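Report on the structure given below.
In the numbering used here, the protein residues as written are 231 to 454.
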């Protein structure tokens with residue numbers, strides 16, 4: 231969107247946030263347990279607006295902070311640039327949640343910039359349409375090359391569906407419109423995403439994340 235619209239929008243967002251927090255802090259938890267409110271940094275792809283919004287959001291000192299508006303068609307380079315700007319301002323000791331992101335590569339690049347949490351429809355939506363994310367690259371299971379491939383979906387996985395169903399069988403299910411195909415592909419992708427972030431966490435702890443990330447990004451981009 232154009233700059234003036236983005237500026238007016240973040241001003242409105244910040245006014246609404248003040249009202250939201252005032253109400254939240256004077257209301258008893260609805261479900262019998264404490265609840266958490268993450269305010270959302272906005273600002274489109276304008277550095278000064280992102281900085282302003284991040285500073286305002288951080289000043290509310292909530293339990294965590296979210297970053298929105300970076301999963302609606304912007305080039306990945308702009309997403310990373312704005313994420314870096316915001317992460318340089320938001321406190322390190324509170325979780326940073328990047329909303330609506332993304333591909334496995336997006337996750338790794340944004341983890342490197344300081345993001346802790348993600349949500350995205352991609353593993354489920356793409357899975358239903360026959361796209362499998364694997365540690366060796368991307369598989370479009372609809373392609374003819376998998377028609378007679380009776381090897382396991384992912385022999386390195388510890389997921390039952392990955393090791394007990396073949397690529398050929400999954401391709402047949404997807405092409406036939408069988409719901410089981412969508413379920414297996416969805417399970418696979420969700421399991422892979424969980425494996426990926428677990429690996430990232432372990433690599434951060436042992437100090438090898440950046441070398442591992444750079445290698446993984448090249449591998450994950452491959453079309454198998």
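Ideal Cβ placement from N, Cα and C applies to all residues, glycine included. All figures in this text were calculated on a predicted structure; none of them were measured in a lab.
Among residues of its own chain, excluding the 5 on either side of residue 376, which ones have a beta-carbon nearer than 7 Å to its beta-carbon?
Residues of the same chain with a CB within less than 7 Å of the CB of residue 376, apart from the 5 flanking positions on each side, are 397, 398 and 401 in chain order.
Proximal residues to residue 386 (C-beta, below 7 Å), its chain only, five neighbours per side dropped = The beta carbon of residue 386 lies closer than 7 Å to those of 365 in the same chain, with the five residues before and after it left out.
For the beta strand (DSSP E) holding residue 267, just list the boundary residues, first then last. From DSSP, residue 267 is part of no beta strand (DSSP E); its letter is neither H nor E.
| query | Is there contact here, the region 301 to 309 with the region 322 to 333, by at least three beta-carbon pairs under 8 Å? | reply | At 8 Å Cβ cutoff, the stretches touch.
Would residue 237 and residue 279 qualify as a contact pair, given that the criterion is a beta-carbon distance under 8 Å? Between residue 237 and residue 279, the gap from beta carbon to beta carbon is short of 8 Å.
With distance defined between alpha-carbon atoms, name the residue in 337, 245 and 263 nearest to residue 270.
With distances taken between Cα atoms, residue 270 lies closest to 245.
Can you tell me which of 404, 380 and 418 puts its alpha carbon nearest to the alpha carbon of residue 391? Residue 418 is the option with its Cα nearest to residue 391.
### Task
Using the Cα positions of residue 427 and residue 286, report the straight-line distance between them to the nearest angstrom.
Looking at the two C-alpha atoms, the distance is approximately 29 Å.
* Leaving aside the five residues before and after residue 454 along the sequence, list all residues of the same chain whose C-beta is less than 8 Å from its C-beta, in chain order. => Within the same chain, residue 454 has close Cβ partners 364, 366, 367, 368 and 369.
| said: I need the straight-line Cα distance from residue 262 to residue 312, nearest angstrom please. | reply: Between residue 262 and residue 312, the alpha-carbon positions lie close to 37 Å from each other.
| query | Hey, which unbroken runs of the alpha helix (DSSP H) at 4 residues or more fall wholly within the region 309 to 343? | reply | Along the region 309 to 343, the alpha helix (DSSP H) occurs as fully enclosed runs of 4 or more residues at 334 to 343, listed in sequence order.
Starting from residue 254, trace the alpha helix (DSSP H) in both directions and tell me its first and last residue. Segment 233 to 255, the alpha helix (DSSP H) holding residue 254.
According to DSSP, residue 273 sits in a beta bridge with which residue or residues? Beta-bridge annotation (DSSP): residue 273 is not paired with any residue.
Check your understanding: With respect to the beta strand (DSSP E) encompassing residue 367, which residues constitute its N-terminal and C-terminal limits?
Key -> DSSP places residue 367 inside the beta strand (DSSP E), whose first and last residues are 367 to 370.
CA-CA distance, residue 374 and residue 444?
The alpha-carbon atoms of residue 374 and residue 444 are separated by roughly 31 Å.
> Leaving out five residues before and five after residue 293 in sequence, what residues of the same chain have Cβ atoms less than 6 Å from its Cβ?
Replying inline: So the list reads 266, once near-sequence residues are dropped.
| task | Please go through the same chain and pick out, in chain order, the residues whose beta-carbon is closer than 6 Å to the beta-carbon of residue 450, but skip the five residues on each side of it. | result | Result list for residue 450: 334 and 335, in chain order.
Query raised in the report: Of the choices 315, 338 and 259, whose alpha-carbon is the least far from that of residue 277?
Result: Looking at the Cα atoms, 315 is the closest of the given residues.
(Q) Assuming residue 364 is part of the beta strand (DSSP E), what are its boundary residues? (A) Element bounds for residue 364: 361 to 364.
**Item:** For residue 396, the residue or residues it bridges with in DSSP
**Value:** The beta-bridge partner set that DSSP reports for residue 396 consists of 382.
Let's test the definition: count the other Cβ atoms within 10 Å of the Cβ of residue 264 and tell me whether it reaches 16, buried, or not, exposed. Label assigned to residue 264: exposed.
Assuming residue 354 contacts residue 416 (C-beta within less than 8 Å), just tell me the rounded distance between them. Correct: roughly 5 Å between the Cβ atoms.
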